[in-house]
Structure formats: C-alpha cells, structure tokens
Amino acid sequence: MNRTLMSILKILSKENKIIGSKEIAKRLKMYGVNLSERTVRYHLKILDERGFTKVFGKEGRIITEKGKKELETASTVEKVGFIINKIETLSYLSDFDINSLTGRLILNVSYIPKTKIKRALKVMENVFNSPFVMSDKVVIFKENNETIVVPEEHICIGSVCSVTLNAILLKHGVPVISRFGGVVEIRDGQPYKFWALISYDGTSLDPLEIFIKSKMTDIMSAVKNGYGRILASFREIPIVCLDKVKEIYSIMLEKGFKGILMFGQPNQPLLDIPVGMDRVGMIVVGGLNPVAAVEEVNIKTYTSAISTLYDYQAMVDFRKILEKFE
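So for the sequence shown, full-length UniProt numbering puts the first residue at 1; every next one is plus one.
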C-alpha cells in the first residue's frame with residue numbers, strides 16, 4: 001500500500017464519524033500530501049474495493065475493521081523514512097522566494113488549549129526574541145480552514161519550519177541533506193555538543209516532537225542565561241556550495257530570517273558528528289523551540305511538524321499576535 005492510501009486510512013482512523021473527500025483532501029495537507037478532491041475519490045475507491053473503507057452515499061466514508069487491522073500491520077518499510085520523504089517533498093514544492101519574500105514556505109503547526117493560550121504566548125515571547133527560531137513570523141487559526149483543522153477548545157499557531165532553509169537553498173541550486181534531529185547543549189550562547197540524535201532516515205516520527213514530549217529541552221535557560229538545551233538539526237551541504245550558502249544566508253538575515261547556528265569545516269566533524277566526503281556540516285535551529293518552551297512550563301500541546309505549505313504574506317510578526325491576546 002502506498003503512503004497516500006496509508007495517510008487516508010490514518011485520517012479516517014482518527015474519526016468516529018463519516019468524512020467526505022473534501023475534508024480528507026484538507027487533512028491530507030497536514031501529511032504533506034496535496035491532492036484534489038477528484039484524486040482523493042479515486043484513492044477512496046481503491047480502499048473501498050479492498051474492503052478497508054465503507055461508503056455512506058454522498059456523505060463519505062468510514063474506516064472498516066479490516067482497514068484498522070491494515071494500519072496496525074502496515075509494513076515497516078512503509079512507515080520508516082516517512083519524515084525524510086516529507087522533508088524532501090515539501091522542500092521541492094515550496095515556492096518561497098527570499099528576495100521578494102513571496103510564495104509558500106513550510107509551516108509547523110501546534111495546537112494549544114484556549115485556556116492556556118495567553119500564558120503560552122508569554123513563554124514563547126522570549127524564544128521568538130532569541131536566535132533559536134527561524135523567524136518571528138507566525139499565523140493563528142481559531143477555526144478550521146482549507147489548510148488547517150483546529151480541534152475544539154484549541155487554538156492553532158503556525159510557525160516557520162526550519163526545513164524552509166532547505167527549500168530556500170534548493171531554489172538556489174544547493175542540495176541539502178537533513179541527517180539528524182537532536183538536542184544541542186548551549187554554552188555561552190553557542191552550540192557545544194549534541195545530547196541526543198535521531199536520524200531522519202530511520203523514523204516515521206519527527207525527532208524534535210519526540211524530544212519535546214520527552215522533556216529533554218531547557219530552552220528558557222538557554223534564552224535567559226546562555227546555558228541550556230535547545231532543539232536543533234544536523235545538515236550537510238556540498239563543499240563547493242559553502243560560499244554560496246553563506247551569501248544566501250546573509251540575505252536571509254537581512255530579510256528577518258535566522259536559522260544557522262554554526263558552519264563546520266570541509267570534510268571535518270562538527271560537534272563530533274562526522275560528515276560525508278566533500279561535505280560541510282551545519283547546525284540549524286529547530287523551528288519547534290517556542291513550543292518546547294511551552295511544554296517546559298507544563299502546558300500540553302499537540303504539534304504537527306513539517307506540516308504544510310503556507311503563504312508567507314499571510315503571516316504576521318509574533319508581537320502583533322501577542323498584543324491581541326494581552
């Protein structure tokens with residue numbers, strides 16, 4: 001079974017009600033899958049024929065017991081590698097232009113209880129004012145729209161995903177290899193060493209989401225004192241692209257973006273992580289650091305990392321969102 005069919009089954013399995021193709025198409029975007037309603041109906045017909053879904057007229061479908069068992073026994077091959085595929089797919093599909101600041105970039109979305117949103121935003125404020133985010137641009141969703149599904153009694157906040165860096169560089173002809181997501185110790189405001197690493201190639205879950213729920217970060221200490229633990233990733237670029245990447249990153253800084261904490265030396269380990277032949281390592285901030293800080297103060301969140309593409313022009317400065325909730 002291909003990943004599109006698997007994603008549809010996952011969406012149906014999370015619901016206890018009938019869902020139509022239009023709603024499924026919307027939710028598929030959260031899995032990095034962009035399909036028209038017509039194409040979704042084609043895939044649903046395949047699932048119907050296999051007995052994994054049941055039709056309820058024009059209302060839509062529900063997942064069958066056979067479909068649930070198929071999800072449970074899905075092959076490891078189908079599961080492993082999902083995140084790296086998502087990174088590569090959304091990096092290619094993003095049409096964001098750093099020079100004109102137009103187009104769609106990659107968004108992380110996090111769901112926070114309405115009763116906790118004011119406190120959560122105050123916690124995030126410190127992180128958004130630090131070097132440990134990609135950008136201070138965010139978007140708030142209070143109800144469902146064509147891109148995001150918002151659970152009841154929650155507010156959704158979308159922030160710039162660090163994979164946007166891959167997309168920007170790819171548009172300039174620079175291939176980026178995302179190798180690890182991890183937790184980096186910060187000393188004197190600079191990356192010192194990795195505390196933990198998970199390969200993007202070997203997981204169906206986003207490593208940074210795992211580290212957040214495992215309470216392995218100390219973002220607030222890193223922000224306030226220069227000593228702590230943050231979310232970051234290890235990426236590689238070809239040596240021949242290093243000067244070009246530094247040039248592009250200078251433009252990013254001028255345009256209000258951040259992201260790269262450290263460049264390595266050609267063919268040399270960076271924070272004790274070896275690189276491939278003729279490559280250079282980079283330490284890149286995790287786009288979920290603001291959410292990790294919220295979890296540190298015991299506010300429960302649900303996050304979908306590397307979630308979807310979103311128009312940059314529709315995003316606003318974090319401080320404007322903060323003012324609305326004060």
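The beta-carbon is built from N, C-alpha and C at its ideal position, and this holds for glycine as well.
Inset, instruction - Return the first residue and the last residue of the alpha helix (DSSP H) that leucine 28 is part of. - result: 21 to 28
Inset, instruction - Taking phenylalanine 52 and leucine 9 to be in contact with their CB atoms under 8 Å, please state how far apart those CB atoms are, rounded to whole angstroms. - result: 6 Å
Inset, instruction - Report the option in Lys255, Tyr249, Gly256 whose CA atom is closest to the CA atom of phenylalanine 263. - result: Tyr249
Legend entry - DSSP-derived helix/strand/coil call for serine 7: helix
Inset, instruction - Indicate whether the contact test is met: 3 or more Cβ pairs, each with one atom in the stretch 209 to 219 and one in the stretch 250 to 269, closer than 8 Å. - result: no
Inset, instruction - Give the straight-line distance between the Cα atoms of serine 7 and lysine 118, rounded to the nearest whole angstrom. - result: Just so you know, the alpha carbons of serine 7 and lysine 118 end up roughly 33 Å apart.
Inset, instruction - Please classify methionine 124: does DSSP put it in a helix, a strand, or coil? - result: Reduced to three states, the DSSP call for methionine 124 is helix.
Inset, instruction - Return no unless some Cβ of chain B is closer than 8 Å to the Cβ of phenylalanine 257. - result: Among the protein chains of the structure shown there is no chain B, as only one such chain exists.
Legend entry - Beta-carbon proximity check, histidine 172 vs lysine 244, cutoff 8 Å: Result yes, Cβ atoms of histidine 172 and lysine 244 sit closer than 8 Å.
Legend entry - C-beta contact flag for isoleucine 84 and tyrosine 200 at 8 Å: yes
Inset, instruction - Pull up the distance between the alpha-carbon of glycine 202 and that of phenylalanine 132, whole angstroms please. - result: 25 Å
Legend entry - Same chain only: Cβ atoms within 8 Å of proline 238, ignoring 5 sequence neighbours per side: Val174, Pro175, Asp278, Arg279, Val280
Legend entry - Rounded separation between arginine 41 and glycine 60 - CA only: 10 Å
Legend entry - DSSP beta-bridge partners of lysine 137: Beta-bridge pairing links lysine 137 to Asp317.
Legend entry - Cutoff 7 Å; reference leucine 5; Cβ partners in own chain excluding five residues on either side: His43, Ile46, Leu47
Inset, instruction - Decide if the stretch 120 to 139 is in contact with the stretch 223 to 235; the criterion is three or more beta carbon pairs, one per stretch, under 8 Å apart. - result: Yes: the two stretches touch, three or more of their Cβ pairs being nearer than 8 Å.
Inset, instruction - Specify, as a first and last residue, the run of the beta strand (DSSP E) that serine 178 falls within. - result: 177 to 187
Legend entry - Inter-residue Cα distance where the pair is tryptophan 195 and lysine 114: 33 Å
Inset, instruction - Hey, could you find the ends of the beta strand (DSSP E) asparagine 108 is sitting in? - result: 104 to 113
Legend entry - arginine 229 versus lysine 300: straight-line alpha-carbon distance, rounded: Rounded to the nearest angstrom, the gap between the Cα atoms of arginine 229 and lysine 300 is 19 Å.
Inset, instruction - Would you grab the beta carbon distance between methionine 30 and serine 304 for me? Rounded to a whole angstrom, and I think it's under 8 Å. - result: 5 Å
Inset, instruction - Could you pull the start and end residues of the beta strand (DSSP E) that glycine 202 belongs to? - result: Element bounds for glycine 202: n/a, residue is neither H nor E.
Legend entry - Neighbour-count burial assignment, leucine 90, 16 or more Cβ in a 10 Å radius: buried
Legend entry - 8 Å contact criterion, which phenylalanine 318 and valine 138 should meet: CB distance rounded: 5 Å
Inset, instruction - For serine 110, collect the residues of the same chain with a Cβ closer than 6 Å to its Cβ; drop the 5 residues on either side in sequence, then sort them by chain order. - result: Only Ile157, Val291, Thr301, Thr303 meet the Cβ criterion.
Inset, instruction - Please report how far the alpha carbon of valine 297 lies from the alpha carbon of glycine 189, in whole angstroms. - result: Whole-angstrom Cα-Cα distance: 22 Å.
Inset, instruction - Determine the closest residue to valine 150 out of Arg27, Leu261, Ser130, with distance taken between C-alpha atoms. - result: Arg27
Inset, instruction - Assign threonine 102 to buried or exposed, taking buried as 16 or more other Cβ atoms, counted over all protein chains shown, within 10 Å of its Cβ. - result: exposed
Legend entry - Assigned exposure category for threonine 76 - 16 Cβ within 10 Å defines buried: Residue confidence for threonine 76 is low, a pLDDT of 49 falling below 50, so the modelled location carries little weight; the figure read from the coordinates is stated next. It is exposed - the Cβ of threonine 76 has fewer than 16 other Cβ atoms within 10 Å.
Inset, instruction - Could you tell me how far apart the beta carbons of threonine 308 and leucine 170 are, in whole angstroms, since I believe they sit closer than 8 Å? - result: With a Cβ gap of about 18 Å, threonine 308 and leucine 170 do not count as contacting.
Legend entry - Three-state secondary structure (DSSP) of proline 290: DSSP places proline 290 in helix when its eight states are reduced to three.
Inset, instruction - Could you tell me the distance, in whole angstroms, from the CA atom of residue 335 to the CA atom of aspartate 97? - result: This structure gives no information on residue 335, because the portion of the chain shown stretches from 1 to 326.
Inset, instruction - Would you check if the distance between the CB atom of methionine 216 and the CB atom of valine 183 is smaller than 8 Å? - result: For methionine 216 and valine 183, yes; Cβs fall inside 8 Å.
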